[in-house]
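A.B. asks:
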C-alpha cells in the first residue's frame with residue numbers, strides 16, 4: 422500500500438527552483454531516507470508533505 426504519493430511537485434523561491442516535477446511513492450512498512458547537503462530542501466520537502474508551514 423502507498424503511504425505517500427508525490428506527483429510532479431514543483432516549488433521555487435522567486436526565480437530559483439528548489440524542486441521541479443518531483444515524483445515519488447513511499448510504501449507502508451518501508452524505511453526511507455532523505456539525504457542531501459545543507460540548503461538542498463530536505464526540511465522544506467518534509468514540511469510540504471506534512472502541511473506544516475515554513476519558517
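Numbering (the numbering used here), first residue to last: 422 to 476. Glycine included, each C-beta is placed from N, C-alpha and C at the ideal position.
Taking a contact to mean a Cβ-Cβ separation below 7 Å, would you say residue 446 touches residue 426 in this structure?
C.D. replies: Contact: yes.
A.B. asks: What are the residues that DSSP puts in a beta bridge with residue 446?
C.D. replies: DSSP output for residue 446 lists 426 as bridge partner(s).
A.B. asks: Taking 7 Å as the threshold (C-beta atoms), are residue 449 and residue 433 in contact?
C.D. replies: No, the pair does not count as a contact, with Cβ atoms beyond the cut-off.
A.B. asks: Is the distance from the Cβ of residue 429 to the Cβ of residue 444 below 7 Å?
C.D. replies: Their beta carbons are under 7 Å apart, which means residue 429 touches residue 444 by this criterion.
A.B. asks: Which same chain residues, not among the five before or five after residue 457, have their C-beta less than 6 Å away from its C-beta?
C.D. replies: Closer than 6 Å at Cβ, skipping near neighbours: 463.
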